[in-house]
Amino acid sequence: MQRSSITKYPLYVLGILFLTLGISFTIQSELGTSPFDALLVGLSVNVGLTVGSWEIIIALILIVCNSLLKRQRPEVLGLLTAFITGIGIDMWLFLLHNLITPELWYSKVVCFGIGLLVIGLGTAIYLHTNFAPIPIDRLTLILQELTKTNILISRTFIYLVFLMMAIIFNGPIGIGTLLTVCLGGLILNYFMPLTKRVIDRILTHSSTARNYDKDKNHST
């Protein structure tokens, strides 16, 4: 197995951990989450199961939708990412439940702001590994390709659709939800080129080191 491929796996896991940590911060802020996460929380409160469990269930539905849009076989591997993400959300919520409980408005704003930035960073990191994107992020990329627009537009459109669904299931909608719709795609669009440069540099360094080791072994 190539070292560059091996290097991708820790980056992939790191991105998911950042993403789920950011989601948990926004939930704990009680200012409102992203429309998708608001839907998950609304389903968890009103129907049952954990937030992470609904992440996996909705992911399965989106995998089918993505398959129909791309007219190809379902990306079942995306379910693995959703499974890890679901576990990550439940884990961080459990750990942060008593550690981070902002009560004053400015502490809620700080908590939400940190969460929003960490979500964008984590999403950008794991997307650039090109390893099993979460179905909703795959949908973002599919719509970007089909509409020939940028991530900002496709992401915002998806947010608006899930916003209406979150309202139906009485999810935690608030000022934070509006900020996510307005800024979520912009933040992701900002982090994408930055993380690409860093990850490409890491993978290039890993590949160079591998070639050096191979040449050294041959010469020996």
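Numbering (my numbering), first residue to last: 476 to 695. Backbone N, C-alpha and C define an ideal beta-carbon position, used for all residues, glycine too. Since the model is a prediction, treat every value here as computed from it, not as a measurement.
Item to complete: For L592, name the three-state secondary structure that DSSP assigns.
Response: The sequence position of residue 592 within the sequence shown is 117, counting from 1. In the structure shown, L592 sits in a helix (DSSP, three-state: H, G or I).
Worksheet entry | S528, enclosing alpha helix (DSSP H) - first and last residue | Residue numbering aside, residue 528 sits at position 53 when the sequence shown is read from its first letter. Here the alpha helix (DSSP H) through S528 covers 526-545.
Worksheet item: For G646, which option in Y484, K623, A513 has the closest C-alpha, if you only look at C-alpha atoms?
Response: As a working note, residue 646 is residue 171 in the sequence shown. Ranking Y484, K623, A513 by Cα distance to G646 puts A513 first.
Worksheet entry | Segment contact flag, the region 540-547 with the region 555-564, C-beta cutoff 8 Å, min 3 pairs | Counting C-beta pairs closer than 8 Å gives fewer than three between the region 540-547 and the region 555-564, which falls short of the contact rule.
Fill in: Contact set for Y601: own chain, Cβ-Cβ below 6 Å, skip 5 residues either direction
In the sequence shown, counting from the first residue as 1, residue 601 sits at position 126. The answer, listed in chain order, is Y487, G490, I491.
Fill in: Residue interval of the alpha helix (DSSP H) (run including S519)
Start at 1 with the first residue of the sequence shown, and residue 519 comes out as number 44. 510-521 is the span of the alpha helix (DSSP H), which, as asked, contains S519.
Discussion item. Is it the case that the region 592-608 contacts the region 666-680, given that we only count it when at least three CB pairs across the two stretches are under 8 Å?
Written reply: Three or more Cβ pairs closer than 8 Å define a contact, and the region 666-680 meets that threshold against the region 592-608.
Discussion item. Report the CB separation of R613 from E550 in whole angstroms; it is logged as a contact under 8 Å.
Written reply: If you number the sequence shown from 1, residue 613 lands on position 138. If you number the sequence shown from 1, residue 550 lands on position 75. Confirmed, Cβ separation roughly 7 Å.
Fill in: For L703, the first and last residue of its enclosing alpha helix (DSSP H)
Shown here, the chain extends from 476 to 695; a query on residue 703 therefore has no answer.
Discussion item. Quick check: the region 580-595 against the region 498-514, are at least 3 beta-carbon pairs closer than 8 Å?
Written reply: Under the Cβ criterion (8 Å, minimum of three pairs), the region 498-514 counts as touching the region 580-595.
Practice prompt. Starting from T556, trace the alpha helix (DSSP H) both ways and give me its first and last residue.
Written response: Position 81 of the sequence shown, counted from the start, is the residue given in the question as residue 556. From DSSP, the alpha helix (DSSP H) with T556 extends over 552-571.
Worksheet item: When burial is assigned at 16 or more other CB atoms within 10 Å of the CB, is P485 buried or exposed?
Response: The sequence position of residue 485 within the sequence shown is 10, counting from 1. The residue is exposed, with fewer than 16 neighbouring Cβ atoms inside 10 Å.
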